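Only one structure is covered here, and it is reproduced in the block below.
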Amino acid sequence: MEESDPPFVEFYKNLFDNQKTNDIGVFDDVEECEVPTIDLSQLHQGGREAADCKREIAEASQKWGFFQVINHGVSLDVLEKMRCEQMKVFKKTFYDKANNHCNLNFPAGSYRWGTPSATCLRQLAWSEAFHIPLTDISNMGGLTSLSTTMDQFAMMVSNLAENLAEILAEQLGHKSNFFKENCWPSTCYLRLNRYPPCPVPSQVFGLMPHTDSDFLTILHQDQIGGLQLVKDGKWIAVKPKKEALIINIGDLFQAWSNDVYKSVEHRVVANKHRERFSVAYFFCPSYDTVIQSCVENSIYKKFSFREFRQQVQDDVKRLGYKIGLPRFIL
Numbered sequence: 017m018e019e020s021d022p023p024f025v026e027f028y029k030n031l032f033d034n035q036k037t038n039d040i041g042v043f044d045d046v047e048e049c050e051v052p053t054i055d056l057s058q059l060h061q062g063g064r065e066a067a068d069c070k071r072e073i074a075e076a077s078q079k080w081g082f083f084q085v086i087n088h089g090v091s092l093d094v095l096e097k098m099r100c101e102q103m104k105v106f107k108k109t110f111y112d113k114a115n116n117h118c119n120l121n122f123p124a125g126s127y128r129w130g131t132p133s134a135t136c137l138r139q140l141a142w143s144e145a146f147h148i149p150l151t152d153i154s155n156m157g158g159l160t161s162l163s164t165t166m167d168q169f170a171m172m173v174s175n176l177a178e179n180l181a182e183i184l185a186e187q188l189g190h191k192s193n194f195f196k197e198n199c200w201p202s203t204c205y206l207r208l209n210r211y212p213p214c215p216v217p218s219q220v221f222g223l224m225p226h227t228d229s230d231f232l233t234i235l236h237q238d239q240i241g242g243l244q245l246v247k248d249g250k251w252i253a254v255k256p257k258k259e260a261l262i263i264n265i266g267d268l269f270q271a272w273s274n275d276v277y278k279s280v281e282h283r284v285v286a287n288k289h290r291e292r293f294s295v296a297y298f299f300c301p302s303y304d305t306v307i308q309s310c311v312e313n314s315i316y317k318k319f320s321f322r323e324f325r326q327q328v329q330d331d332v333k334r335l336g337y338k339i340g341l342p343r344f345i346l
């Protein structure tokens with residue numbers, strides 16, 4: 017492996033040594049599909065076009081939990097700069113990344129790789145990431161081209177996330193300032209992802225199956241592919257679409273909508289020959305925000321985002337995987 021790659025094989029040697037022969041197998045063939053693609057330029061046309069666009073957003077969130085958007089208002093120039101900048105930072109040596117010696121002014125603990133809690137190969141994520149709260153990006157003050165680009169990207173996707181959340185709430189007949197009042201730049205974050213080439217893609221995930229613990233996730237990915245989601249009880253591969261952003265519903269929106277919108281399980285499969293890059297924006301509330309159904313007869317008990325995150329962390333530490341919303345069913 018190159019010096020920039022994390023030492024997966026060496027660090028997780030015991031997991032590889034203890035892998036049982038009958039546990040080793042390739043992933044089933046997964047059909048590649050296009051998730052619903054929505055042209056957000058219709059929102060600016062008003063009238064029937066805007067109404068149809070909003071309905072498409074709600075329907076995709078109910079039936080798929082995932083959709084792609086084009087003409088989304090996020091500069092394609094900024095998206096390309098974001099990709100180039102994160103490629104540069106991930107090419108730093110592993111030592112520099114792990115010890116925060118990249119001169120990026122990232123907060124301590126931003127760099128993450130693998131899965132510290134993994135007890136078997138199926139729990140190991142063959143990926144590395146920089147996990148960065150938006151407040152820390154603002155505090156960098158544009159000191160590097162990466163921080164400047166991240167700041168531009170975050171501002172644009174923040175606006176997009178808030179607009180989409182308000183549309184989804186409106187489609188439920190619920191008009192309020194809930195998202196403006198609870199989801200601020202100070203509560204959201206970016207995650208820069210890299211999935212290095214993996215010599216054993218049949219044994220480990222790039223990112224193991226999970227649901228997101230936020231309201232909405234906005235993802236910009238390259239054209240390598242690897243993102244898969246569950247639809248109608250089976251895994252499908254998401255076909256990359258150039259210039260599109262992927263939107264997916266998180267656990268909090270599923271609870272808030274009383275299961276109308278679906279937080280869908282998804283994963284990233286490893287690639288033997290090519291590295292993959294993506295950047296995700298997570299639309300989150302403050303830790304003290306109370307999540308409860310916007311309609312009567314809620315399926316879930318009320319909980320704070322802090323309680324939810326703590327329960328997820330406890331489960332992952334104890335079990336090796338996330339339970340999520342089932343913990344909060346009445």
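Residue numbers (this note's numbering): 17 to 346. Yeah, the Cβ is synthetic: ideal placement off N, Cα and C, and Gly gets one too. Since we're looking at a predicted model, the values are computed, not measured.
- With respect to the C-alpha of S302, the residue from N155, A124, N198 having the closest C-alpha is N198.
- A residue is called buried when at least 16 other Cβ atoms come within 10 angstroms of its Cβ; G63 does not meet this threshold and is exposed.
- C-alpha of K257 to C-alpha of Q187: approximately 26 Å in a straight line.
- Of all C-beta pairs linking the stretch 77-92 to the stretch 145-153, fewer than three are shorter than 8 Å, placing the two stretches out of contact.
- In this model, L341 and P23 are separated by some 34 Å (Cα to Cα).
- When secondary structure is reduced to three states using DSSP, V105 falls in the helix class.
- Residue state for V173 is assigned as helix, using DSSP reduced to three classes.
- Under the criterion of beta carbons closer than 8 Å, R210 and F293 qualify as touching, at roughly 6 Å.
- Under the 8 Å Cβ criterion, the stretch 234-244 counts as touching the stretch 296-310, having at least three qualifying pairs.
- Secondary structure at E197: helix, using DSSP grouped into helix, strand and coil.
- Excluding residues up to 5 positions away in sequence, H236 lie with their Cβ nearer than 6 Å to the Cβ of L95 in the same chain.
- Exposure of H117 is indicated by the presence of fewer than 16 other C-beta atoms within 10 angstroms of its C-beta.
- Closest in C-alpha terms to Q168, from the list E101, E182, P217, comes E101.
- Restricting attention to A181, K104, N30, A66, the CA atom closest to the CA of Q270 is found in A181.
- The C-beta of N264 has 16 or more other C-beta atoms within 10 Å across all chains shown, which makes the residue buried.
- Taking a 10 Å sphere around the C-beta of I315, we find fewer than 16 other C-beta atoms and assign the residue as exposed.
- 7 Å or more divides the Cβ of Q58 from the Cβ of E47.
- Distance between I73 and E178, taken at the CA atoms: about 14 Å.
- Each of L245, H226, R322 was checked against the Cα of I339, and the nearest Cα belongs to H226.
- DSSP lists no bridge partner for L92.
- Burial check for L184: the Cβ neighbour count within 10 Å reaches 16 or more, so the residue is buried.
- Straight through space, the alpha carbons of Y28 and F221 are spaced by roughly 14 Å.
- Considering only M224, P52, I153, the residue with the shortest C-alpha distance to W80 is P52.
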